[in-house]
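Residue numbers (the UniProt record's numbering), protein chains in the order written: chain P, 1 to 239; chain B, 1 to 239.
Protein chains: 2
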Amino acid sequence: MTTEETRESGSPPTSADAGGSDVLWLREGGERKQRRAAPLTLERIIDAAVAELDAHGSERLTMRRLAQRLEVTSTALYWHVSNKDDLLDIALDHVIGEVRIPEPGPEPRAALRELLLGWRAAMLAHPWSPSLLGRPLLGPNVLARTEFLQAMLVRAGLSGKELATATSLLVDFVIGAAMNGATWRLLDNPAVLAKARAHITGLKELYPTLSTYGFVDGRWSQDELFHLGLDQILDTLMR
Amino acid sequence: MTTEETRESGSPPTSADAGGSDVLWLREGGERKQRRAAPLTLERIIDAAVAELDAHGSERLTMRRLAQRLEVTSTALYWHVSNKDDLLDIALDHVIGEVRIPEPGPEPRAALRELLLGWRAAMLAHPWSPSLLGRPLLGPNVLARTEFLQAMLVRAGLSGKELATATSLLVDFVIGAAMNGATWRLLDNPAVLAKARAHITGLKELYPTLSTYGFVDGRWSQDELFHLGLDQILDTLMR
DNA sequence: ACCTGAACACCGTTCAAGT
DNA sequence: ACCTGAACACCGTTCAAGT
C-alpha cells in the first residue's frame with residue numbers, strides 16, 4: 001500500500017496539531033503525490049498485459065496481477081474490457097500489429113517474404129502468443145496483414161483455387177512455424193533441449209532416423225530452416 | 001449423489017426395523033451395487049479427459065469435473081497423474097496416437113501424404129488439441145510419427161540441410177493447418193462464419209482483396225485446400 | 001496401494017457503493 | 001464516468017487420515 005491512508009478531513013487546522021501536518025504543503029513530506037499514476041485506459045491495459053505476458057508467460061497472467069501492475073483493483077479493469085478472453089484477443093492482435101507491412105513495390109515475392117519473416121519474428125518475440133491462438137484471427141491488425149498477403153498473391157497472378165490454396169498454405173506455415181518455434185523458446189532453459197536430444201538418441205531403436213539425422217539438430221538454426229522453407233514455398237507458388 | 005448415504009452399522013437386525021431393510025438382499029432395491037465403478041487407472045483418466053474435452057472443450061476441463069465423471073474425488077486423480085499440465089500433455093499425445101502410421105511401401109510420397117492427412121484429421125477431430133500445443137511435442141506417439149515422417153524423406157533421397165528443411169516445413173504446415181482449422185471448427189455456430197464474412201466484406205475499403213477474392217470463402221473446403229497445398233509441397237520436396 | 005475430506009491459496013466476474 | 005470493496009462460485013494442489 002503506497003497510497004495515503006484515508007483520513008477524516010472534518011477538523012479544521014485550529015487544534016494544536018503538532019507539526020502542522022494539516023497544512024497542504026507539509027503533508028506527507030510534501031511530495032506532490034499524483035492521485036493516480038495515470039488514468040486507466042484500454043491502451044495502458046493492453047501494454048501492461050503484453051509486458052506481463054512477456055515477463056511471466058500466459059500461465060501467470062491474472063486479472064488481479066495485471067491490476068496490481070497498474071495499481072488499480074482487478075475489478076476496475078472490467079470497466080474498460082469485457083472479460084479476460086477479450087483482453088487476450090486484443091493483446092494477440094496488438095502483437096501482430098508490430099509486424100511491419102512492406103512497401104508494396106513491384107516485387108510481390110520480396111514483399112511477401114518480408115511480411116512472413118516479420119510475422120513469425122513478432123510471434124517468437126512474444127512466445128506466449130502462439131498459445132493464444134485458440135480463436136479465429138479476426139483482429140484488425142491480423143486482417144490488414146492477411147489482406148496484404150493475399151493482395152501480393154493476386155498481384156503475382158494467382159486467382160481462383162490457386163489463390164485460395166496459396167493463401168491457406170502460407171498462413172498455415174507461418175502459424176505452425178511460430179507455434180513450434182515458440183514451444184522451444186518458452187522453456188528457455190538450454191539444458192532442456194540437450195535433455196530432449198538425449199531422450200531421443202537414448203531410444204535409438206525406436207527413433208533411428210530422428211536420432212541419426214537429428215530432428216532437434218542444432219546444426220541449423222530454426223530461423224535458417226524457416227527461411228529456406230519459405231523460399232522453397234514461394235518458388236513454387238510464383239514461378 | 002447416487003451413492004448410498006453412510007449409515008451406522010452398529011445395531012444388529014434384531015430391532016423391529018419395518019420392512020427388514022437391514023437384510024442384505026433387500027437393501028436399496030437389492031441392486032448389487034458395485035463398490036466402485038472400476039479401479040481408477042491412468043488409462044481411464046486419459047479416456048475420460050479426452051471425452052470431457054470432446055464434449056465441452058478445453059476451457060471447461062477441470063480436475064474436479066473430470067473426477068466427477070469418474071465418480072471419484074478430484075484429489076484421487078493426483079495419485080495417478082502428477083498435475084493437470086502433465087495430464088493435458090498425455091491427452092494430446094493420446095490423440096496423435098489415433099493417427100495410423102502407413103505401411104512403409106515403396107512409395108515414400110504416398111505414405112507421407114497419408115500420414116499428414118491423418119495427422120491433421122486427428123487434430124481436427126479433437127479441435128481442442130491444437131490449443132494444447134504450448135509445450136514441446138515429445139510424447140511417444142508424436143515422436144513415432146515424426147520418426148516415420150523423416151524416415152520417408154530419407155528414403156526419398158533427402159539428406160543434410162535439405163532434409164532438415166523439409167522436416168520442419170511439413171511439421172509446421174500440419175500443425176498450422178490444424179491450428180487454424182480448429183479455430184473455425186470450435187465455434188461450430190455456422191452463423192459465426194457468415195458474420196465473419198460479413199464483417200470483412202463490410203470493410204471493403206480496408207480489405208479489398210479479402211472481400212472480393214474471399215479469404216473465408218466457402219467455394220472450396222478447408223480439406224480441399226489442405227490437400228492441394230500438401231500436394232504442392234510434396235511435389236517440390238521430392239521431385 | 002489407493003482413495004477421501006478438509007484445507008490453502010488462489011482464480012474470473014458481478015454488483016452495490018463511493019467519488 | 002470511473003473506480004473500490006465485498007462477495008460469489010469456482011479453481012489446482014497438498015496433506016493428513018482412512019481402508
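Beta carbons are placed, not taken as given, at the ideal position from N, Cα and C, and that holds for glycine.
From a predicted model like this one, the values you see are computed outputs, not experimental measurements.
(1) Select from the region 134-145 of chain P all residues with a C-beta closer than 9 Å to any C-beta belonging to chain B, and list them in chain order.
(2) Starting from residue 209 of chain B and walking both ways along the alpha helix (DSSP H), at which residues does that stretch end?
(3) Buried or exposed for residue 125 of chain B, please, with buried defined as at least 16 other CB atoms from any protein chain shown within 10 angstroms of its CB.
(4) Cα separation between residue 65 of chain B and residue 74 of chain B?
(5) Between residue 79 of chain B and chain P, is the shortest Cβ-Cβ distance under 8 Å, so that the two count as touching?
(6) Runs of 4 residues minimum, wholly inside the UniProt domain "HTH tetR-type" (39-99) of chain P: which ones carry the alpha helix (DSSP H) assignment?
(7) What does residue 161 of chain P reach in chain B if we use C-beta pairs closer than 9 Å?
(8) So residue 123 of chain P packs on residue 179 of chain B, CB below 8 Å; how close in whole Å?
(9) Please look up how many angstroms separate the CB atoms of residue 87 of chain P and residue 81 of chain P, rounded, as I've assumed it's under 8 Å.
(10) Given 8 Å as the limit, is there contact between the region 102-117 of chain P and the region 225-234 of chain P, that is, 3 or more CB pairs closer than that?
(11) Rounded C-beta distance between residue 127 of chain P and residue 182 of chain P? I'm assuming under 8 Å.
(12) Using a Cβ-Cβ cutoff of less than 7 Å, which residues in the same chain neighbour residue 142 of chain B once the five nearest sequence positions on both sides are dropped?
(13) Tell whether a beta-carbon distance below 8 Å holds between residue 184 of chain P and residue 140 of chain B.
(14) Residue 131 of chain P by DSSP, collapsed to three states: which one?
(15) With a threshold of 8 Å between beta-carbons, can residue 33 of chain P be considered close to chain B, or not?
(16) Hey, could you find the ends of the alpha helix (DSSP H) residue 118 of chain B is sitting in?
(17) Quick check on this structure: which residue in B:146, B:106, B:207 and B:186 has the alpha carbon closest to the alpha carbon of residue 206 of chain P?
(18) Got a sec: which bits of the UniProt domain "HTH tetR-type" (39-99) of chain P sit with their beta carbon under 7 Å from any beta carbon on chain B, in order along the chain?
(19) If the criterion is Cβ atoms closer than 8 Å, does the pair residue 201 of chain B and residue 154 of chain P meet it?
(20) Between residue 48 of chain P and the rest of its own chain, which residues show a CB-CB distance below 7 Å, the 5 nearest in sequence each way excluded?
(21) Exposed or buried, which one is residue 53 of chain B when buried takes at least 16 other CB atoms within 10 Å?
(22) Is residue 189 of chain B close to chain P, meaning its C-beta is less than 8 Å from at least one C-beta of that chain?
(23) Please state if the CB of residue 213 of chain B and the CB of residue 170 of chain P are separated by a distance shorter than 8 Å.
(24) Report buried or exposed for residue 79 of chain B, applying the criterion of at least 16 other Cβ atoms within 10 angstroms of its Cβ.
Taking the geometry as given:
(1) 134, 135, 136, 137, 138, 140, 143 and 144
(2) 208-213
(3) exposed
(4) 8 Å
(5) no
(6) 42-56, 63-70 and 84-96
(7) 219, 220, 224, 225 and 228
(8) Incorrect: roughly 12 Å between the Cβ atoms, too far for contact.
(9) 5 Å
(10) yes
(11) 4 Å
(12) 93 and 96
(13) no
(14) helix
(15) Any reading at residue 33 of chain P needs caution, since the residue's pLDDT is 46, under 50, leaving its predicted position unreliable; the model's value is listed next. Not closer than 8 Å to any Cβ of chain B, the Cβ of residue 33 of chain P fails to qualify, so no.
(16) 108-125
(17) B:146
(18) none
(19) no
(20) 66, 69 and 70
(21) buried
(22) no
(23) no
(24) exposed
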